[in-house]
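Below is one structure; the comments refer to it alone.
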């Protein structure tokens with residue numbers, strides 16, 4: 001039995017993330033999608049909301065996928081669940097350079113290997129940051145994120161705008 005972990009901030013989860021998760025679920029006995037909580041960042045969506053969005057977006061299509069979160073090291077989570085591999089999707093925008101160092105650290109810390117899956121070329125331009133930027137400027141993010149994300153994104157941006165106006 002091989003257990004894999006697919007970590008990320010998933011703020012919000014994108015079509016590219018879901019593609020990597022679904023593809024990963026075909027190769028491993030169990031896949032843990034882990035929302036990594038970084039205290040140094042201020043996400044648009046809460047940890048709980050991001051976990052719920054991923055579960056809803058997957059809609060029970062991947063029986064071997066568990067969605068969880070952690071505010072600790074991903075390697076500690078891997079040890080806890082017995083995972084031997086971390087799976088990361090890579091786009092052509094320099095992801096490899098950014099992820100390679102972390103992969104080496106994870107191997108040193110816990111003996112966990114990292115497997116890089118190339119992004120689907122149709123989706124490789126999509127990132128959570130791009131989604132938020134497009135939505136902030138009134139663009140249509142349909143197809144970039146699961147449908148369930150769109151109303152949540154609109155609500156979060158509305159609240160963000162109200163907070164900025166209140167601060168003026």
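Residue numbers (UniProt numbering): 1 to 168.
Glycine residues also receive a C-beta, built at the ideal position from the N, C-alpha and C atoms.
Residue from the options whose Cα sits closest to the Cα of residue i
i           : options          : result
residue 67  : 79, 13, 110      : 13
residue 34  : 9, 112, 110      : 9
residue 119 : 87, 105, 73      : 87
residue 1   : 44, 22, 28       : 28
residue 157 : 11, 47, 101, 76  : 11
residue 96  : 80, 81, 116, 82  : 116
residue 126 : 73, 144, 40      : 144
residue 59  : 22, 73, 159, 137 : 22
residue 132 : 155, 114, 47     : 155
residue 73  : 48, 42, 49, 107  : 107
residue 42  : 166, 138, 160    : 160
residue 102 : 48, 164, 75      : 75
Three-state class that DSSP yields for residue i in the structure shown
i           : result
residue 145 : strand
Anticipated Cβ contact below 8 Å, residue i with residue j, distance rounded
i           : j           : result
residue 99  : residue 109 : Not quite, the Cβ-Cβ distance comes to about 15 Å (not below 8 Å), so this is no contact.
residue 54  : residue 30  : Residue 54 to residue 30, Cβ: 16 Å. No contact.
residue 149 : residue 112 : Actually they do not touch by this definition, with Cβ atoms about 29 Å apart.
residue 146 : residue 57  : 4 Å
residue 105 : residue 71  : That pair is no contact at about 18 Å.
residue 77  : residue 5   : 6 Å
Residues near residue i in its chain [Cβ-Cβ closer than 7 Å; skip 5 each side]
i           : result
residue 123 : 15, 16, 19
residue 40  : none
residue 79  : 110
residue 81  : 3, 32
Cβ shell of residue i (< 6 Å), same chain only, five flanking positions each side left out
i           : result
residue 51  : 35, 67, 69
residue 153 : 135
residue 44  : 11, 156
residue 46  : none
8 Å Cβ shell around residue i - same chain, five flanking residues per side excluded
i           : result
residue 25  : 31, 62, 64, 65
residue 151 : none
residue 92  : 119, 124
residue 142 : 150
Quiz item: Residue ranges of each alpha helix (DSSP H) run of no fewer than 4 residues wholly in the UniProt domain "Cytidyltransferase-like" (5-132), ordered along the chain?
Solution: The alpha helix (DSSP H) runs of length 4 or more contained entirely in the UniProt domain "Cytidyltransferase-like" (5-132) are, from start to end of the chain, 15-25, 47-58, 74-81, 95-110.
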